[in-house]
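Peer 1:
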Amino acid sequence: MKKRYHILSLTASLLMLSSCDIEMVPKGQTTLETAQEIEYLLNEIHVSTDPGSDISILVNESYGQEFSTVKQLINNTNTLLSSYLCYNENLDRGNLASKDSRYTSIYSAINTLNVALGKIDAATGEQSIKQKVIAEAHLKRAYLHFLAANLYARQYDAATASQNGGIAYVDNYDMDQKQQIPLDQVYERILEDLDDKYIDALPSTASVTRCSRATGNAIKARILFQMKRYQDALPYALKALDSDYTIEDRLYMMDDYCWLLLPTSPNNFLYVASSNPSFWCPFADNLSRETVAKFEDGDLTIDYGYAGYKEEGEEIWNGIYGEMSSGVEGCLSFSGWDTYKNPWGLTVESIMYVAAECYIRDNQIEKGLGYVNEIREHRIDPEKYVPFTASTVKEAMEELQQAKFIEFLMTFENFFDRKRWNSEDEYKATITRDFPGIGTYSISPESPLWIMPFPIAVMQTNPTFSQNYE
C-alpha cells in the first residue's frame, strides 16, 4: 500500500512539471524500478482548461463560463476573453498570455510519458507489461502533440506545412531548452509515434483512460483526418469501430429527465478530462444565441434535460441562468451535475463522424450519412426523428456539419473542425455573432485568432520560439 501511494504521489508531481523550465530528478535517482510501477504513470492524463474558456468562444459555441455579462467582459478590453468575444485581432495576445495551464499540462503529461519510455527497458518485470507501456506511451505522446499543434499552430496542409511554424516535439526527459520545429516535422514525428507496431502491441481491451487496439486505431484515424488524409484515415476509423462499439444512448432521458454521462461511459475510446479528478463538463457554459438555434427539434437534452424531475426552471440548458449570467436574452447556460463529456479525448461518436465525412467526400453519401443517422437516433425524440438524406456531397456535408456541431459542444472537436474546413475553399466560412444592443462581430477563415498564443514563459525561456499567429 505504501508503494502505491508513493507511485501516485510521484505521478502527481511529474504532472505538475512545466515543459520549459522544470528541473527533473536526474536519471537513475527515481524509485521507478519495476514495469508495474512505471505502468502507473500511464493511468491518466488530463489537459487543464475547459474548451469553453476560449476555443468554444472562437467557434461561437458559447460566450464562455464567466459569471459576468458579455458587455462587461467585452468592455474589459485588455484581456484575451474580450478579444475572443468580439473577435479583436489587434490585441497583442502574446503579451496577455501570462500563464497557460493547458500548455503546461500537455507538456507535463508528455514528460511523464517520456519518463516511462526512458525507464521501462531497465525495469524489472514481465515483458508483456513493458511492451504495453512502450506502445501506449508512444501513442499518447503523439496524441498530446496533436492537441498542442492544433491549438498553437496553423492547420496542417501538406503544401505549406514546411513553411509554417510548429511546436516543440519533446521525445526525451532531458530538460534542456526545446526547439520549435516546422509544422511538417511535427507531424512526421507524430506519425512515427503512431507506427502500426505500437497499435498492434496494445491489448484488445482497456479502461477509458488507457489504450486498447481500438483506441490506438481511433487516435491514428483522428490525426490522419485532421491532416486531411481522408482516405488514409478511413481504414483506421473502421478498425476502431470494428470492435463492439457503444454509442451513448440518451433515450432514457425521456423517462428519467436527467443527462447522466459518466467518465467511465463505454462510448469513450480515450477519456481526457480538463482536471484531475474529473469535473462536470459542460460546466456553466453559456451557449450563444446562434448555437441555440442549431439544436434540432426533438433534441433530448433540450426537451428532457432537467435536474432529475421535469419542472420549469430546472432545465439543464437553462434560459434563466443563461440570461442572468451573460446578459444576453436567448442564451442558455448549462446547470447539470451528472454530465461528464469528454473535452479532450476521443469517443465512439467522434470516430463515427470521421468515417462519415471520409465516406461522404468519396461520394459514398448513403454510407456516410448512415453513421450520422445512427448517432442521431440516440439524440432525437423518436416521434420527431427524420433521417438525413442527400443527393449531393455538398448537401450531405451540410447535414453532417449541422449535427456534428451540436454533438461536440464543449470539446475540442468543433474548433479543430473549423480550422480544417477553413483551409478548404469548399467549406471555409466566416462566423458572425450578434449581441443585441452591443454589436455584431465576425471572424474570417484567415483570422490569426484561430491560433492560440504561446504563454509568455515559453517565449522567454525558449529563444527559438516565435508566435505562430504572427
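Residues 11 to 480 in my numbering are what the sequence shown spells out, letter by letter. Beta carbons: idealized from backbone N, C-alpha and C, even for Gly. Only a predicted model underlies this, so the values are computations on that prediction, with no experimental measurement involved.
1. When you compare each of Thr-219, Pro-353, Met-362, Gln-189 to Ile-65 by their alpha carbons, which one comes out closest?
2. Confirm, please, whether the CB-CB distance from Ile-453 to Leu-149 is below 8 Å.
3. Hey, which unbroken runs of the alpha helix (DSSP H) at 4 residues or more fall wholly within the stretch 123 to 156?
4. Can you list, in chain order, the residues of its chain whose CB lies under 7 Å from that of His-56, leaving out five sequence neighbours each side?
5. How long is the line joining the alpha carbons of Gln-241 and Leu-272, rounded to whole angstroms?
6. For Ile-441, write down the residues that DSSP places opposite it in a beta bridge.
7. Please state if the CB of Pro-292 and the CB of Phe-235 are separated by a distance shorter than 8 Å.
8. If you follow the beta strand (DSSP E) that Ala-178 is part of, which residue opens it and which one closes it?
9. What separation, rounded to the nearest whole angstrom, lies between the Cα atoms of Gly-380 and Ile-370?
10. Under DSSP, the alpha helix (DSSP H) around Leu-106 begins and ends at which residues?
11. Please state the DSSP three-state secondary structure of Glu-480.
12. Please report the distance separating the alpha-carbon of Leu-154 from that of Ser-360.
13. With distances taken from CA atoms, which of Ala-132, Lys-249, Ala-317 is nearest Arg-223?
14. Cys-291 bridges to which residues according to DSSP?
15. Among Cys-341, Ala-467, Glu-321, which one has its Cα closest to the Cα of Ser-108?
16. Where Gly-226 and Ala-145 are concerned, what is the direct C-alpha to C-alpha distance, given to the nearest angstrom?
17. Determine the contact status of Asp-71 and Leu-297, defining contact as a CB-CB distance below 8 Å.
18. What are the start and end residues of the alpha helix (DSSP H) that includes Ser-93?
19. Counting only runs of 3+ residues fully inside the stretch 175 to 239, write out the beta strand (DSSP E) ranges in chain order.
20. Give me the DSSP bridge partner(s) of Thr-399.
21. Would you mind reading off the limits of the alpha helix (DSSP H) that contains Ser-66?
22. Tell me which same chain residues have a C-beta within less than 6 Å of the C-beta of Lys-37, skipping the five on either side of it?
23. Name the two residues that bound the continuous alpha helix (DSSP H) containing Glu-343.
24. Return the first residue and the last residue of the alpha helix (DSSP H) that Leu-83 is part of.
25. Does the stretch 200 to 216 touch the stretch 258 to 277, meaning 3 or more C-beta pairs lie closer than 8 Å?
26. Using DSSP bridges, identify the partner residues of Asp-309.
27. If you draw a straight line from the alpha carbon of Tyr-479 to that of Thr-44, how long is it in whole angstroms?
28. Do you know offhand how far Leu-83's Cα is from Gly-337's?
29. Is Thr-44 helix, strand or coil when you go by DSSP?
30. Quick one: give me the first and last residue of the alpha helix (DSSP H) that Asn-278 is part of.
Peer 2: Based on what the coordinates show:
1. Pro-353
2. Result no, Cβ atoms of Leu-149 and Ile-453 do not sit closer than 8 Å.
3. none
4. Ser-115, Val-282, Ala-283, Ser-284, Ser-285, Asn-286
5. 33 Å
6. Ile-453
7. no
8. Taken as a continuous stretch (DSSP letters only), the beta strand (DSSP E) holding Ala-178 covers 175 to 178.
9. 10 Å
10. Start and end: 103 to 106.
11. coil
12. 17 Å
13. Lys-249
14. BP columns for Cys-291 point to Tyr-350.
15. Ala-467
16. 9 Å
17. Note on residue identity: the sequence assigns Glu, not Asp, to residue 71. Taking 8 Å as the Cβ cut-off, Glu-71 and Leu-297 qualify as a contacting pair.
18. 90 to 95
19. 175 to 178, 190 to 192
20. According to DSSP, Thr-399 bridges with nothing at all.
21. 65 to 68
22. Residue confidence for Lys-37 is low, a pLDDT of 45 falling below 50, so the modelled location carries little weight; the figure read from the coordinates is stated next. Excluding residues within five positions, none has a Cβ falling inside 6 Å.
23. The question names Glu, yet the displayed sequence has Ser at residue 343. First-last for Ser-343: 342 to 344, but that is the beta strand (DSSP E), not the alpha helix (DSSP H).
24. Its alpha helix (DSSP H) spans residues 80 to 85.
25. no
26. Ile-390
27. 44 Å
28. 11 Å
29. strand
30. No alpha helix (DSSP H) holds Asn-278; the beta strand (DSSP E) holding it covers 278 to 280.
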